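Asker: Residue numbers (this note's numbering): 174 to 215.
Idealized CB from N, CA, C, for every residue including glycine.
This structure is a prediction, so every number in the text was calculated from the model and none was measured.
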Amino acid sequence: MFKTLDPQWLEQFNLHVYADQPKILEISVYDKDFHGKDDFMG
174 MFKTLDPQWL
184 EQFNLHVYAD
194 QPKILEISVY
204 DKDFHGKDDF
214 MG
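Next comes the structure, spelled out in structure tokens:
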């Protein structure tokens, strides 16, 4: 996705959650820089 502040990936994921495990999902989003460090976006 180039030059957009509103990217849409339209991806789907299946997550298996077990009753005896915490139900916390943490997602980190980074942009991709071809030169230098990728930037954290949220």
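Would you check if the distance between the CB atom of K196 and the CB atom of V190 is smaller than 7 Å?
Answerer: Against the sequence shown, residue 196 aligns to sequence position 23. Against the sequence shown, residue 190 aligns to sequence position 17. In contact: K196 and V190 (Cβ atoms closer than 7 Å).
Asker: Determine whether the beta carbon atoms of D204 and M214 lie at a separation below 7 Å.
Answerer: Position 31 of the sequence shown holds residue 204. Position 41 of the sequence shown holds residue 214. Going by C-beta atoms, D204 is nearer than 7 Å to M214.
Asker: Report the residue from D179, F175, L198 whose alpha carbon sits nearest the alpha carbon of N187.
Answerer: The residue you call residue 187 lines up with position 14 of the sequence shown. When each option's Cα is compared against that of N187, the closest is L198.
Asker: Mapping the DSSP letters down to three states, classify F213 as helix, strand or coil.
Answerer: Here residue 213 is taken as the residue at index 40 of the sequence shown, counted from 1. Three-state DSSP puts F213 in a strand.
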